[in-house]
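Peer 1: Mind looking over this structure? Questions follow.
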Amino acid sequence: MSASTPAHSMVNPRRYHESVEAAGPRAAHGPVCLYLETTNRCNLLCTTCPRTYDALEPEADLSWDLFKRIVDQVPDIVRVVLHGVGEPMLVKDLPRMIEYLKARGAYVLFNTNGTLLTARKGRELSTTGLDELRVSLDAADARTFLLVRGKDYFNRVVRNVRAFIEMQNREGLSTPRVSLWLTGLKETVAQLPAFVRVAHSLGVKEVYLQRLVFFDENAIGMARPDQALFERLERDEAHHLKEAEALAHTLGISFNASGATEPGESLVRRTDHSPWSLCRRPWTVMYFTANGRALPCCIAPFAQRGYANYALGDATQSSLRSIWNGPAYQAFRAQLKSQNPPRCCASCGLRWSL
């Protein structure tokens, strides 16, 4: 696939999805971004995550052999994200995977819940060349953290991140870039200013507001429509958002929404009547679960339960080339361009964030 993959110089790793035109059902280029679910295991019970309530796939870590099998088929890949629905730092081979990808010139990042960011593991990560470390904190205090994330680990995560930043400062390390992430819920939006202050106290320079992805109209937990801020910003909630933005500016912190958009903009409906048609992920991204199943993107597990409904291939059985422009992928792309999109894409701009 390398011969048809755009050169590194042509692609911004943070805006990779803009590098390819979403045209016909057959992709003209290979993927520029891989999402590799290094594990589907997790040590938290987040009330916004489908894996807390449903066994999406058999429990597994991405094996080293399967990791190499996938990566070696896309040697010129620009960007690799090493997370899915599990906690990557549970995986023994994670540092080895990062080093392998960095040796190929890829931009590498992953999200973590931060509970396992010990001094030893932090030191290990700092030597791999990892570009970004995104910490999903989701709260500004221990009580709210327990409500959202299911376990009382707030103080541990804060302590771990502080120690990691202090280590970076002592040793003059500029990577990985560390950022704090908060999922915007009705329960947490009032904490945005305090969340910015937490980031400042830890020495973190980037804060991201992530839109809630709700995956079932009648779901238990907090991944429900009534918790979503999208199109539902009330006066007090808008005030908290503006206050957080102003505070971040004063403290010299970059405050963005996921997808590198302005936070308020990320919560506003697009005017396009078929917003899913703007998506370029099926032409730029390949997502593989820990068991090797190919999915259209990282949002799909949240948008619709039952991987069998939108699996596009299996890396343990087929080559990436045959999957990428195979019948299932081409049919998926064609449907995405229609007025009758795949079910997991139909609420694009309504249930998920970029």
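For the numbering used here, count along the sequence shown from 1 and bump the result up by 88. Glycine residues also receive a C-beta, built at the ideal position from the N, C-alpha and C atoms.
1. Select from R258, Q256, L225 and L261 the residue whose C-alpha is nearest the C-alpha of R244.
2. Pick from D229, A422 and A282: whose alpha carbon is nearest that of S365?
3. Measuring only the C-alpha atoms, how far is A282 from L234?
4. Report buried or exposed for Q405, applying the criterion of at least 16 other Cβ atoms within 10 angstroms of its Cβ.
5. May I ask which residues mark the beginning and end of the beta strand (DSSP E) holding T271?
6. Could you check what DSSP says for D219 in three-state terms: helix, strand or coil?
7. Hey, would you say F447 sits closer than 7 Å to L205, going by beta carbons?
8. For C130, I'd like the list of residues in its chain whose CB is within less than 7 Å of its CB, leaving aside the five on either flank, ordered along the chain.
9. Do three or more CB pairs link the region 400–418 to the region 179–198 at distances below 8 Å?
10. Spatial neighbours of R237 within its chain, please: C-beta separation below 8 Å, excluding the five flanking residues on both sides.
11. Can you list, in chain order, the residues of its chain with a C-beta nearer than 6 Å to that of F343? Leave out the 5 residues immediately preceding and following it.
12. Please name the residue, chosen from K239, A230, R167 and Q256, that lies closest to A207 on a Cα-to-Cα basis.
13. Let me know if S267 comes out buried or exposed under the rule of 16 or more other beta-carbons within 10 Å of its beta-carbon.
14. Would you call A116 buried or exposed, if buried means 16 or more other Cβ atoms sit within 10 Å of its Cβ?
15. What distance in whole Å lies between the Cβ atoms of C432 and Y123, which are believed to be in contact at a cut-off of 8 Å?
16. Drop a sphere of 10 angstroms on the beta-carbon of N428, count the other beta-carbons inside from all chains shown, and report buried for 16 or more, exposed for fewer.
17. Among residues of its own chain, excluding the 5 on either side of V284, which ones have a beta-carbon nearer than 8 Å to its beta-carbon?
18. Between the Cα of S289 and the Cα atoms of H327, F376, R250 and G260, which residue gives the shortest distance?
19. Could you please give me the residues that DSSP links to T338 through a beta bridge?
20. So, does the CB of H328 fall closer than 7 Å to a CB anywhere in chain D?
21. With 16 other CB atoms within 10 Å as the buried threshold, where does E109 fall?
22. Leaving out five residues before and five after S362 in sequence, what residues of the same chain have Cβ atoms less than 7 Å from its Cβ?
23. By Cβ distance, which residues of its chain are closer than 8 Å to A95, with the 5 residues on each side in sequence left out?
24. Looking at the structure shown, is A382 part of a helix, part of a strand, or coil, going by DSSP?
25. Closest by CA to A88, which one among G380, C367 and N379?
26. In chain order, what residues of the same chain have a beta carbon less than 7 Å from the beta carbon of L195, not counting five sequence neighbours either side?
27. Give me, in chain order, the residues of the same chain whose beta-carbon lies closer than 8 Å to that of G210; leave out the 5 immediate sequence neighbours on both sides.
28. Measuring alpha carbon to alpha carbon, tell me which residue in D229, R157, T232 and V292 is nearest R222.
29. Near D229, which residues of its chain fall below 8 Å by C-beta distance, leaving aside the five closest residues on each side in sequence?
Peer 2: Looking at the coordinates:
1. Translated into positions along the sequence shown, residue 244 becomes position 156. Nearest C-alpha to R244: L225.
2. Along the sequence shown, read from residue 1 onward, the residue named residue 365 stands at position 277. That would be A422, whose Cα lies nearest to the Cα of S365.
3. Reading the sequence shown from its first residue, position 194 is the one you call residue 282. Reading the sequence shown from its first residue, position 146 is the one you call residue 234. One C-alpha to the other measures close to 17 Å.
4. Taking the sequence shown and counting its residues from 1, one reaches residue 405 at position 317. Here Q405 is exposed, its C-beta having fewer than 16 other C-beta atoms within 10 Å.
5. Against the sequence shown, residue 271 aligns to sequence position 183. Segment R265 to G272, the beta strand (DSSP E) holding T271.
6. Taking the sequence shown and counting its residues from 1, one reaches residue 219 at position 131. Assignment of D219 by DSSP, reduced to helix, strand and coil, places it in the coil class.
7. Because residue 447 is not part of the residues shown, which for the chain are 89 to 442, the question remains open.
8. As a working note, residue 130 is residue 42 in the sequence shown. Here the set comprises R139, G174 and E175.
9. Contact between the region 400–418 and the region 179–198 is absent, because fewer than three Cβ pairs lie under 8 Å.
10. If you number the sequence shown from 1, residue 237 lands on position 149. So the qualifying residues of the chain are L132, L133, C134, T135, N201, D226 and A227.
11. Walking along the sequence shown from the start, residue 343 turns up at place 255. These residues qualify, in order along the chain: V295, E333 and A336.
12. Position 119 of the sequence shown holds residue 207. Considering only alpha carbons, the answer is Q256.
13. The sequence position of residue 267 within the sequence shown is 179, counting from 1. Result: buried.
14. The count along the sequence shown starts at 1 and reaches residue 116 at position 28. A116 is exposed by the Cβ-count criterion.
15. Stepping through the sequence shown from its first residue, residue 123 is reached at position 35. Stepping through the sequence shown from its first residue, residue 432 is reached at position 344. That belief does not hold up - the Cβ atoms of Y123 and C432 are roughly 15 Å apart, past 8 Å.
16. Taking the sequence shown and counting its residues from 1, the one referred to as residue 428 is at position 340. Exposed.
17. Sequence index remark: in the sequence shown, residue 284 carries index 196 (1-based). If we look at V284 and ignore the five residues flanking it on each side, its Cβ neighbours are V295, A332, L335, A336, L339, I341 and F343.
18. Taking the first residue of the sequence shown as position 1, residue 289 is located at position 201. The shortest Cα separation from S289 among H327, F376, R250 and G260 belongs to R250.
19. Here residue 338 refers to the residue found at position 250 when the sequence shown is read from its first residue. Beta bridge pairing from DSSP links T338 with no other residue.
20. The structure shown contains no chain D, having only a single protein chain.
21. Taking the sequence shown and counting its residues from 1, one reaches residue 109 at position 21. Residue environment for E109: exposed (fewer than 16 other C-beta atoms within 10 angstroms of its C-beta).
22. For this step, residue 362 is matched to residue 274 along the sequence shown. Within the same chain, S362 has close Cβ partners Q427.
23. The sequence position of residue 95 within the sequence shown is 7, counting from 1. Bear in mind that the predicted position of A95 carries a pLDDT of just 43, short of 50, making it unreliable; the figure below should be weighed with that in mind. Once the five neighbours on either side are set aside, the close Cβ partners of A95 are D164.
24. As a working note, residue 382 is residue 294 in the sequence shown. Note: A382 maps to strand in three-state DSSP.
25. There is simply no residue 88 to check, as the chain begins at 89 and stops at 442 in what is shown.
26. As a position in the sequence shown, residue 195 is number 107, starting the count at 1. The residue asked about is misnamed: residue 195 is Tyr in this sequence, not Leu. Here the set comprises P101, V166, R167 and D219.
27. In the sequence shown, the residue the question calls residue 210 occupies position 122. Taken in chain order, the residues that qualify are N248, A251, F252 and M255.
28. For the purposes of this step, residue 222 is identified with residue 134 of the sequence shown, where counting begins at 1. If we check each option's Cα against that of R222, V292 comes out closest.
29. As a first step, residue 229 is located in the sequence shown; it is residue number 141 there, counting from the start. Cβ contact annotation for D229 (same chain, cutoff 8 Å, sequence separation greater than five): F242, Q279 and A282, in chain order.
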